[in-house]
Amino acid sequence: MMRQYELVERVQAYNPNADEQLLNKAYVYAMQKHGSQKRASGDPYFNHPLEVAAILTELKLDDASIAVGLLHDTIEDTDATRAEIDQLFGSEIAAIVDGLTKIDRLNLVSREEAQAENLRKLLLAISQDVRVLLVKLADRLHNMRTLHYMPAEKQRRIAQETMDIYAPLAGRMGMQDLRNELEDLSFRILQPDHYDAIMARLEQMQADNSEAIETITAELTERLAEAGIAARVKARVKAPYSIFSKIERKSIALEQLSDMIGFRVIVASVEECYRTVGIVHTQWKVVPGRFKDYVSVPKHNDYQSIHTTIVGPSRQRVELQIRTEEMDRIAEFGIAAHALYKDGASANLGRIEMESHAYGSLRQTISHLTSGISSEDFLEYTKLELFQDQVFCFTPRGRLIALPRGATPIDFAYALHTDIGDTCVGAKINGLILPLVTQLRSGDEVEILRDQNHRPPSNWIGIAATGKARAAIRRAVRQSAVQRAYALGEHVLNMMLEREGVMLDESEGKALADALEQPGRRDLLIALGEGKIGPEPLANALAQVKGIRKRRRKLDLPVADTADGWFALRATDRFRFRVPGGQRSGPNATAALAELDFHTQVALSGEGVVPGDRLVGILEPGKPLMVYPIHSDALTQKHDSDVAWVDVRWNLKGGEERPYATVISMESVNRPGSLAQISSAIAACDANINNLVMRMISPDFHQMIFEIEVRDLAQLTDVLATLKRSPGLSAVQRAGIREAGMISTLEWDGKVDRSARDD
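Shown next as C-alpha cells:
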C-alpha cells in the first residue's frame, strides 16, 4: 500500500505548489471511513481509492482531482455524507464526489431504460466538470486491472460495459493510452482465444524483427540528423484490440497484417513535421493511399499527427507517425495533457472548452442528447453520437464538419442546423446531385438543397447515422403527427357541433375537456384526431355540457342488397334500431344508432372494408338503410343531401372467419431487400399479399401499394403497426379509393405498371 508521504511526493514531482495539507487530510479521512472494508481480492478496500489517486497522478492532475480520487467512494460505500465532505473539503470537491456517487453502475445487458438514465446522469455530471470523467476513468481502470477476482459472469458484464462506454469516452477525450488499456483488458475477458492468438503473434513478430526495428530506428534518426532535424524515433507495438478491430473491419487474416509494429518520429515543431515527410518520401518509396495529415485537419479528439507508410530498408512496410512533443503528449493523455487542470478545472471551464475541442464538442453533444430524448432512444443515440469513427466534410464556403463514418447528407444538414435538416430535400456532393442515402467520405464538399415547406419523413430515421439527426427527425415527425391530429380533431368536433346545431364558448369548451378527462381544449382535439376518444363518448359529453335531450323512437326497416359504390348488411330477418324523434336531414341530422341483432355478412364493393371498421348508415325516406365505411368517398356526396346519418355497429359474435381484402400504402427507402423486409413483416402478422403496385417517386424512395387479406380490423392494425416500426418505411397507412383502384386495374395515370405482380 502506498504511504501517505509517497502520494504527496508523487504530486509534488510535477506540481511543487501542491496543497499538502489537503492531500493528507483526504488520505486520512478516506482510510478512516473505509476502515476494515475488504475487496473481492481480500485486500483492504482503501487500496482501491489509493490506486485511483495514483493513476490520476500519472495524468498529472490538480490537487482537487487527487483528493476526489481518494474520496470518490466515501458517500456511496461508507457513512460519509455530502454535507460532511462539503464542510471538510469545500463545495468544489464535494460536488465532484457527489456527482460520482449519483452514477449507478451501468448494466448494458438488460434494463435498458435504467441504463440510459444512469448514462444520462454520468454525461450531465461530466458536462459540469470534466474531472468527473477523469476520476471515473481512473476508477474503472483500476477495477479492470483487478477484475480477475470477480465471478466470471460479472467479469463479462463489466468488461462489456467498459468496452461500450468507458473506453470510447476515453478515446473521445483523446486519452489513447488509457483507452487502449481499457480495451485490451476487456478484450482479454470477452474473447480470450482471439486475445491469446494476437499476443502470441505480436511476441513472435517482435522477436523476428528486433534487428530490423533497431536498423530502421537508427537509419531514420541518421537521415533526419543529416538534414538538421533532431528527432526522437521510437518503435511502437499496436494494441491487441486495435489489431483485432482492423482484422474484423478489413476481413483479413492475422498473418496478412504488416503494420502491427510502427514508428513514431518526434520532432520540435510543425515545420519540422513537414520537412520530415519530405525527407522520408524522397529517401524511401511511399505506399500509395497511406498518407493522412491530421495536423492540418485534427481529429475530433484533438489528435494531431502525420501518418505515412513507406517501403523500408529491408523492403518491408514501415508505418510512421510524425508529430511534435506537444502533439505526442496530447495523443497519449488527451484532455488531461492540458496544463490548466493543475490550476483547477472548474474555475477554467470556459478555457477548457476553448482550448480542448474534444471537451467543447462533448459538452455540445451532451446538450443535444439530454434534451427531450426518451430513455429507450437515449442509449442508442449516445452510442451513435459519441462512439463512432469520423469523416470530415466541407460546406461550399469551406466550413469543416466532422461526422461519424457512414453519415449521409441528412446528417450533414442537421449538423449545420436543425432547421436546415428539417427543410432538406436534396444534396450536391462535389457538385453532383446524389441521393440522400449516399454515404459521405472525407474531403467531400456538400451543398444542401432546401424547401421551406418540407418536413422530414419518418423513414429518415433509418438513414441518419448521428444521434442529433435521429432525435431531430423523430421530434419533427411527432410534431407533424400532433398537428395533423389537432386539425382532424378540430374537424371532428366542428362536424359534431354543426350536426347538433350548437356552439361552444370558452367555458363550455373547458367543461367538455374536463368531462372527457383531458387537460384542455388542445389536448381534447389531439385525442379526437388520434382516435383516443370516439364519437359516442364525445356526443354523450357534448349532450351533458349543452343539456341536449335525446328523444328516440323505434323503426322497423328492411336491409338493402349490394349496389354499386356501397355495400349493405344482409339478413333474412328485419332488425330494429332507434332513430331520434324529430330527425333533421343532411349532415346536421341527429345521430342514430343501429344495433344489429343477427349475424351479418358484408358485401364489399371496392371499399376495402374489414370487420371492425367504423360504419355509417344513410337513411333516406322510402329507401332501405344504405351502409358505407367511414372512409368512403360516397359519403361526401351525401353531405348536403336530405338524409339522416346513422351509426352502425358490427355484430361479430359467432361469425364465420374468412379473409377480407383491403389496401395499404407506404413509402420505402430505395435499397436492396426493402421489398423482402415488407413482405416478411406482413407475413409475420399472418396476413396474405394479393397484389402489389410500386413506383419510384424519387431516387431515394419508392411508393408501394399492397392489397392484403386480413380477418378483421385488429389484424389490419397489427400489420400497420408492424410496418411503422420497420426501419426505412414511412407514410404507412390504409390506402384511399384512388390507390385501391390502382391495385384493381394495375394502372398508374392510365399506364400499366410492370412492377406489379401477384404474391
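The sequence shown lines up with residues -4 to 754 when you count with this note's numbering. By construction, the Cβ of each residue, glycine as well, lies at the ideal position given by its N, Cα and C atoms. Just so it is clear, the structure is predicted and the values come from calculations on it, not from any experiment.
- For HIS302, the closest C-alpha among the options LYS280, VAL260, GLU267 and ILE325 is that of VAL260.
- When secondary structure is reduced to three states using DSSP, TYR481 falls in the helix class.
- Its chain contains SER453 as the residues whose beta carbon lies nearer than 6 Å to that of VAL472, once the 5 sequence neighbours on both sides are disregarded; these appear in chain order.
- Counted as a single uninterrupted DSSP element, the stretch harbouring THR69 is not any beta strand (DSSP E) but the alpha helix (DSSP H) occupying residues 69 to 72.
- Across the structure, ILE91 and LEU499 are spaced so that their CA atoms are roughly 56 Å apart.
- Excluding residues up to 5 positions away in sequence, VAL262, VAL290, ILE301, ILE317, ARG318 and THR319 lie with their Cβ nearer than 7 Å to the Cβ of CYS268 in the same chain.
- A straight-line Cα-Cα distance of about 11 Å links ALA326 and LEU173.
- A contact is defined here as three or more CB-CB pairs under 8 Å, and the segment 234 to 242 meets this definition with respect to the segment 187 to 200.
- MET498 carries a coil assignment under DSSP once its states are collapsed to helix, strand and coil.
- With respect to the C-alpha of LYS131, the residue from ALA482, TYR144 and ALA165 having the closest C-alpha is ALA165.
- Annotated three-state conformation of ILE61 is helix, per DSSP.
- Residue environment analysis places GLY307 among the buried positions, since at least 16 neighbouring C-beta atoms fall within 10 angstroms of its C-beta.
- Within the segment 438 to 494, the beta strand (DSSP E) runs of at least 3 residues that lie entirely inside it are, in chain order, 441 to 445.
- One alpha carbon belongs to THR403, the other to LEU431, and they sit about 6 Å apart.
- Within the same chain, ALA408, TYR409, ILE443 and ARG445 come within 8 Å of ILE415 by CB-CB distance, once the 5 residues on both sides are set aside.
- A distance below 8 Å between beta-carbons, with the five flanking residues on each side excluded, links MET145 to the following residues of its chain, in chain order: ALA35 and ILE153.
- When rounded, the separation of the alpha-carbon atoms in MET491 and GLU531 is 10 Å.
- If you look at VAL313, you'll find it in the beta strand (DSSP E) that goes 312 to 319.
- Looking at ILE121, VAL727 and ARG183, the one whose alpha-carbon comes closest to that of LEU142 is ARG183.
- Checking the DSSP bridge columns, you'll see SER36 has no partner listed.
- Spatial neighbours of LYS541 in its own chain (CB-CB distance under 6 Å, excluding positions within 5 residues in sequence) are listed in chain order as VAL497.
- Of all alpha-carbon atoms in THR413, SER502 and GLY438, the one lying nearest the alpha-carbon of ALA397 is that of GLY438.
- Residue range 724 to 729 is occupied by the beta strand (DSSP E) that includes GLN728.
- Setting aside the 5 residues that flank it on each side, ILE458 is surrounded in the same chain by THR403, ILE405, LEU431, VAL432 and VAL664, each with a C-beta closer than 7 Å to its C-beta; the list follows chain order.
- Excluding five sequence positions before and after ALA222, the CB atoms of its chain that fall closer than 6 Å to its own CB belong to ILE274, given in chain order.
- Where CYS268 is concerned, the enclosing alpha helix (DSSP H) starts and stops at 265 to 278.
- Using a 10 angstroms sphere on the CB of GLY329, the tally of other CB atoms reaches 16 or more, which defines it as buried.
- With a 10 Å radius around the Cβ and a threshold of 16 neighbouring Cβ atoms, ASN175 comes out buried.
- Taking a C-beta distance under 9 Å as the contact criterion, THR712 and ALA676 do not qualify as a contact pair.
- MET691 is bridged by DSSP to HIS697.
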